[in-house]
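Colleague: Could you have a look at this structure, given as structure tokens, before my questions?
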Amino acid sequence: MISLFFFGFVFSFLGYTLPSVLNMTALKISLDTNKREFTKFTLGVSLVVFLQVYVSIYILEYISEKPIFLEILEKTGIVVLLFLSIYFYKQNKKEKKQLEVKRKNSFFTGVILSLLNMFAIPFFCGSAALLITFNSFSFDVASILFFVFGSVIGTYFILYLYGRFAELIQQKTGSLTNNINLLLSFITGGFALVTFLKFVV
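With the working numbering as the guide, the letters of the sequence shown map in order to residues 884 to 1084.
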């Protein structure tokens, strides 16, 4: 049980470490608002991650038998990522007039962005499948819960680190964090391009 919790934590922590929409948004909220709003955002993300990991485990067998399901999911993700890329690009051109509104909706921002993360379910399916390959995972309730909670805490912890050291990251990256919306636009656009190339190459 402890090993499943550990694997869930490590996979999730590493999976969300690289710059992405979620951790860059966490960084932005930490810099622009306050600790309470940042905590609400991370809780919103964590709630959805809990559901995503839980669902991923139960559809793992279905996906392995019918890979067309995963293909449809990835194609849908391309469209969503393109819309997000355009949205963040437009937001980058606007002045920060909507800051007060965002402060009131940090929890729902976390929920929505996490729901729009189309890579989460394939990622957690792959993580669980890897453990199954090495006979380190079973589908009993206890094993599932330990893996799920490990994944949720791993996600929460990496987002916490982004928020906790937001000012240090800003100092190290200079003007990069002043244009996070533009960075988010490039990240989402890049993911959309990579996913698209998988189908044409």
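Don't be surprised by glycine CBs; every beta carbon is placed ideally from N, CA and C.
Classify Tyr-899 as buried or exposed, calling it buried when 16 or more other Cβ atoms lie within 10 Å of its own Cβ.
Modeller: Taking the sequence shown and counting its residues from 1, the one referred to as residue 899 is at position 16. It is buried - the Cβ of Tyr-899 has at least 16 other Cβ atoms within 10 Å.
Colleague: Alpha carbon to alpha carbon, how far is Met-907 from Leu-1065? Give it in angstroms, no decimals.
Modeller: Taking the sequence shown and counting its residues from 1, one reaches residue 1065 at position 182. Taking the sequence shown and counting its residues from 1, one reaches residue 907 at position 24. C-alpha separation (whole angstroms): 11 Å.
Colleague: Roughly how many whole angstroms lie between the Cα atoms of Phe-990 and Val-962?
Modeller: As a position in the sequence shown, residue 990 is number 107, starting the count at 1. As a position in the sequence shown, residue 962 is number 79, starting the count at 1. Taking the straight line joining both Cα atoms gives about 24 Å.
Colleague: Within the same chain, show all residues whose beta-carbon is closer than 8 Å to that of Phe-896, passing over the 5 residues directly before and after it, in chain order.
Modeller: Position 13 of the sequence shown holds residue 896. Only Gly-1037, Thr-1038, Phe-1040, Ile-1041 meet the Cβ criterion.
Colleague: Please classify Ile-969 as buried or exposed, where buried requires at least 16 neighbouring CB atoms within 10 angstroms.
Modeller: Counting from 1 along the sequence shown, the entry for residue 969 is found at position 86. By the 10 Å Cβ count, Ile-969 comes out exposed.
Colleague: Return the first residue and the last residue of the alpha helix (DSSP H) that Asp-915 is part of.
Modeller: The residue given as residue 915 occupies position 32 in the sequence shown. Start and end: 904-915.
Colleague: So Ile-1052 and Leu-910 are supposed to be a Cβ contact under 8 Å. How far apart are they, rounded?
Modeller: One-based indexing of the sequence shown puts residue 1052 at position 169. One-based indexing of the sequence shown puts residue 910 at position 27. With 8 Å as the limit, Ile-1052 and Leu-910 qualify as a contact, their Cβ atoms being about 6 Å apart.
Colleague: Could you have a look at Thr-900 and say whether DSSP puts it in helix, strand or coil?
Modeller: Translated into the one-based positions of the sequence shown, residue 900 becomes position 17. Reduced to three states, the DSSP call for Thr-900 is coil.
Colleague: Please identify the residue among Ala-1075, Ser-1034, Gly-1073 whose C-alpha is closest to the C-alpha of Ile-940.
Modeller: The residue you call residue 940 lines up with position 57 of the sequence shown. Selected option, being the one with the closest Cα: Ser-1034.
Colleague: Enumerate in chain order the residues of its own chain whose CB-to-CB distance from Ile-912 is below 8 Å, with the five nearest sequence positions on each side excluded.
Modeller: Your numbering for residue 912 matches position 29 in the sequence shown. Glu-920, Phe-921, Phe-924, Lys-985, Ser-989, Thr-992, Gly-1046.
Colleague: In whole angstroms, give me the CA-to-CA distance for Val-1091 and Ser-1021.
Modeller: Since the first residue shown for the chain is 884 and the last is 1084, residue 1091 is missing from the structure and cannot be characterised.
Colleague: Exposed or buried, Phe-1017, counting other C-beta atoms within 10 Å across all chains shown (16 or more means buried)?
Modeller: Residue mapping note: residue 1017 aligns to position 134 of the sequence shown, counting from 1. Label assigned to Phe-1017: exposed.
Colleague: Assuming Ser-1019 is part of the alpha helix (DSSP H), what are its boundary residues?
Modeller: As a first step, residue 1019 must be located in the sequence shown, where it is residue number 136. Note, Ser-1019: premise wrong, no alpha helix (DSSP H); not H, not E.
Colleague: Of the residues Asn-917, Ile-942, Leu-996, which one's Cα is nearest the Cα of Val-931?
Modeller: Against the sequence shown, residue 931 aligns to sequence position 48. Taking only the C-alpha atoms, the option nearest Val-931 is Leu-996.
Colleague: Considering Phe-990, what are the terminal residues of the alpha helix (DSSP H) in which it resides?
Modeller: As a first step, residue 990 must be located in the sequence shown, where it is residue number 107. Residues 989-998.
Colleague: Can you list, in chain order, the residues of its chain with a C-beta nearer than 8 Å to that of Phe-892? Leave out the 5 residues immediately preceding and following it.
Modeller: For this step, residue 892 is matched to residue 9 along the sequence shown. Only Gly-1033, Ser-1034, Ile-1036, Gly-1037, Phe-1040 meet the Cβ criterion.
Colleague: Taking its Cβ as the centre, do 16 or more other Cβ atoms sit within 10 Å of Gly-1073, making it buried, or is it exposed?
Modeller: By 1-based counting over the sequence shown, the position of residue 1073 is 190. Classification of Gly-1073: exposed, given that the 10 Å Cβ count is below 16.
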